[in-house]
Every structure is written in structure tokens, then in C-alpha cells.
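One structure is given here, and the rest of the page talks about it.
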Amino acid sequence: MNGVHEYAVRVEWTGNRGTGTSHYKAYGRDHLISPAGRASPDKAAISGSSDPTFHGDNDRWNPEELLLAALSQCHLLSYLHVAARNGVTVTAYTDAPVGTMEQLHGGGGHFTTVTLRPRVTITDPEQVEFAQSLHAEAARECFIAASVNFPVGHEPVTVA
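The sequence shown begins at 400 in my numbering and counts up by one.
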């Protein structure tokens, strides 16, 4: 499974209200994220916008939320893989990640931290401590977490 993997999506701005970007409040931030490349044409599009703070639509996903989702999904998938590899049977997994973004005075900004809070249910009460420890291994194997330049913390809870 080693090697280079390429991914593609299509992003289309749908927020032109008739005057384009004639001024900051004249245009909508709405856009669609769709499959591209080898992706299935049946894959659903994601309705995106900016955060309402930046004149976006609160009913659509914003890039900051999607970043949290990507980090959470990656840890979930890495954890399930590590658990299976180590003989731990997971029967449920939920996460409620939170992140902090700092906006800069001159424009722009960056995330300063993200904390994942996975709650994992396993079948064997004897393995709770071991299953809890596997989050560190999953964190090291997560491609997305390894690609960001801010700390990704973990506050897991494991129950049987």
C-alpha cells in the first residue's frame, strides 16, 4: 500500500448574486464540493459556505468544520484499523471534535489547536486500558493529522 495517492474534488462557487464580487457584502459564499477524477458520479455533493462570521450561510458546511471532520474521520479510520490489528473489537465510536482558529489583524488566520474526543465502546472489559492506549498509535498513523501544522490533541473515553 505504499506509494503516492492522488485525490481530486471539484469546487464550484454558486454565490454570484448578479454583481459578482463588486464589493465584500455583494456576493454569497455558497459553493458546492463535488466528486472529480476517479470518484463515483453517485457521490453526493456537499453544500459549502463560509462561517456566518464571514457572511456565510449557517445551513451549509464551512471549511473549518470540514477540517475538523477530516481530522476526526481520519482518526476514526486509523483507530478502527489499529484496533482490528490488535484484536480489539470495537462496537461503537463517536467523536465530538473542537478546534480553535485565530484570526490575524492583517487578514487571514490559522488553527491553533484541535481536540478530538472519541468515545469508543468495545466488547471486552479486560481490554479497556489497552484499547485506550491504541489512540496514540492511531494518531501517528492518521494521514490528515500528520499534514497539519498545529497540535491535534486526543481526549478519548473507552468503555465496554
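Using N, Cα and C, we set each Cβ at its ideal position, and we do this for glycine too.
Whole-angstrom C-beta distance between residue j and residue i, which should lie under 8 Å
i	j	result
Arg428	Ser446	Not really, about 11 Å apart at Cβ, beyond 8 Å.
Ala530	Thr557	5 Å
Ala559	Thr511	That pair is no contact at about 35 Å.
Leu475	Asp494	6 Å
Candidates the options: closest to residue i by CA position
i	options	result
Ser449	Ala438, Thr420, Asn461, Asp441	Asn461
Thr499	Gly552, Ser546, Ser421	Gly552
Thr490	Asp523, Asn401, Glu528, Val410	Asp523
Val481	Leu533, His454, Leu431, Pro440	Leu533
Lys424	Ile521, Gly402, Phe453, Ala495	Phe453
Val487	Ala435, Glu528, Ala545	Glu528
Leu467	Lys442, Ala535, Ala443, Pro496	Pro496
Arg516	Pro550, Asn485, Ser471	Ser471
Alpha-carbon to alpha-carbon, residue j and residue i
i	j	result
Asp548	Glu501	Going by the sequence as given, residue 548 is Asn instead of Asp. C-alpha separation (whole angstroms): 14 Å.
Cys541	His422	40 Å
Tyr478	Ile543	13 Å
Arg409	Ala438	11 Å
Arg518	Gln526	15 Å
Ala407	Gly505	31 Å
Arg539	Glu554	15 Å
Thr413	Tyr426	10 Å
Glu405	Ile432	17 Å
Thr514	Glu411	30 Å
Arg416	Asn457	18 Å
Asp441	Ala535	35 Å
His509	Ala545	16 Å
Ala435	Ala444	11 Å
Arg484	Tyr492	17 Å
Min CB distance residue i to chain D below 8 Å
i	result
Arg409	The chain labelled as chain D is not found in the depicted structure, where only one protein chain is given.
Bridge-paired residues (DSSP) for residue i
i	result
Arg409	Ser433
Ser439	Ser439 is not bridged to any residue.
Val558	Thr520
Ile543	In the DSSP output, where bridge partners are listed per residue, Ile543 has none listed.
Gly552	Thr514
Ser421	DSSP, once it has assigned bridges, lists no residue as partnering Ser421.
Ser477	Beta-bridge pairing links Ser477 to no other residue.
Ser446	Leu431
Inset, instruction - May I have a chain-ordered list of the alpha helix (DSSP H) segments no shorter than 4 residues that lie completely inside the region 482–541? - result: 527–540
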